[in-house]
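*Asks:*
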Amino acid sequence: MTPETEQTDQTGLRDLIGGVRLVLWDFDGPVCRLFAGYSADRVAGELVDWLSRLGLKDLLTEEERVHPDPHVLLGAVDRRRHDSDLVADFEERLTREELRAVPTAWPTAYADPLIRTWSALGVGLAVTTNNSPRVVSEYLATRGLLDCFAPHIYGRTRDLHLLKPDPYCLNRALNARGMAPGQALMVGDTASDLTAARAAGVPFLGYARNEEKAKILRQAGAETVVHSLEPVLNLLWERQVR
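Written as structure tokens, this is what we have:
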């Protein structure tokens, strides 16, 4: 990151968090690395093997069969067998694998104190994610953070075509909280998060744990990207001591 980019992001960050009344968090990335200790590659491979045992491996393209993201596989199966028992079974298997990953998930640095600080300041919080809401609730409970969000956890439903980049989960959160899009902020780490935020009219803060992810977000059009949540937390504390 160049000094000019860093300065631009710092200025944009101040503008973004000023006056925010609702923060919409993506889960896997900004809150934690869900598959840090339980490989997503392994989960994807096991799901492909399950399809193979059913004689349904041909539902996936050769590229999809080796894709490391199980959510990509879920979307592919849904497109080809929409609203079928197979899709429901696939989604439930993925949810079970996500739940198995919770005990070894790595908290994102500064996420816990940032969540608690925003909550203490009276800012509303919600999770808007493509992960199962059961998984999010389980993880937040292990960190003592569930009360900061509950019941505003909007995750994957059986209507898989409404996953991000569709803004459905963001709109659910806005409506439930009674907030206008301009009063909210989305914290996300993927281009699909950015697309969903734009569609919902919600300002976006990109979180990228490395420069490669930051580059992807900037290429997608994200104007403010941080490599750590620490500067966000610091700005909140600065505002309180003035």
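Numbering-wise (our numbering), the sequence shown opens with residue 1093 and increments by one.
Heads up, the beta-carbon is just placed ideally off N, CA and C, and yes, glycines get one too.
1) Which whole-angstrom value describes the C-beta separation of Ala1306 and Leu1262, a residue pair presumed to lie in contact below a C-beta threshold of 8 Å?
2) Here's the rule: buried if 16 or more other CB atoms are within 10 angstroms of the residue's CB, otherwise exposed. What is Glu1189?
3) Indicate, with yes or no, if the ligand MG has a heavy atom lying under 7 Å from the CB of Gly1110.
4) Which of the three DSSP states, helix, strand or coil, is assigned to Pro1295?
5) Whose CA, out of Arg1113, Lys1149 and Asn1302, lies closest to the CA of Gly1216?
6) Compare the Cα-Cα distances from Ile1308 to each of Gly1247, Ala1283, Leu1328 and Ile1207 and report the closest residue.
7) Rounded to a whole number of angstroms, what is the C-alpha to C-alpha distance between Glu1154 and Ala1180?
8) Does Leu1327 come out as helix, strand or coil in the three-state DSSP assignment?
9) In whole angstroms, give me the CA-to-CA distance for Val1135 and Ala1197.
10) Determine the direct distance from the alpha carbon of Ser1131 to that of Thr1200, and round the result to whole angstroms.
11) Identify, in the order they occur along the chain, each residue of the same chain with its Cβ nearer than 8 Å to the Cβ of Pro1323, setting aside the five sequence neighbours on each side.
12) Do Val1227 and Val1219 have their C-beta atoms closer together than 8 Å?
13) Using the three-state DSSP reduction, which class does Pro1199 fall into: helix, strand or coil?
14) Going by DSSP, what residues sit across from Asp1120 in a beta bridge?
15) Buried or exposed, going by whether 16 or more other CB atoms sit within 10 Å of the CB of Ala1276?
16) Is the distance from the Cβ of Tyr1231 to the Cβ of Val1279 below 8 Å?
17) List the residues that DSSP assigns as beta-bridge partners of Leu1245.
18) Are the Cβ atoms of Thr1267 and Arg1248 separated by less than 8 Å?
19) How is Ala1272 classed by DSSP in three states: helix, strand or coil?
*Replies:* Looking at the coordinates:
1) Rounded, the Cβ-Cβ distance is 22 Å, inconsistent with contact.
2) buried
3) No copy of the ligand MG occurs in the structure displayed, which carries no ligand at all.
4) coil
5) Arg1113
6) Ala1283
7) 23 Å
8) Here Leu1327 sits in helix by DSSP.
9) 14 Å
10) 17 Å
11) Excluding residues within five positions, the ones whose Cβ falls inside 8 Å are Gln1102 and Leu1105.
12) no
13) DSSP places Pro1199 in strand when its eight states are reduced to three.
14) Cys1124
15) buried
16) no
17) The residue you asked about is not Leu; residue 1245 is Ile in the sequence shown. The beta-bridge partner set that DSSP reports for Ile1245 consists of Val1219.
18) A quick correction: the sequence has Asn, not Thr, at residue 1267. In this structure, Arg1248 does not lie closer than 8 Å to Asn1267 by Cβ.
19) Here Ala1272 sits in coil by DSSP.
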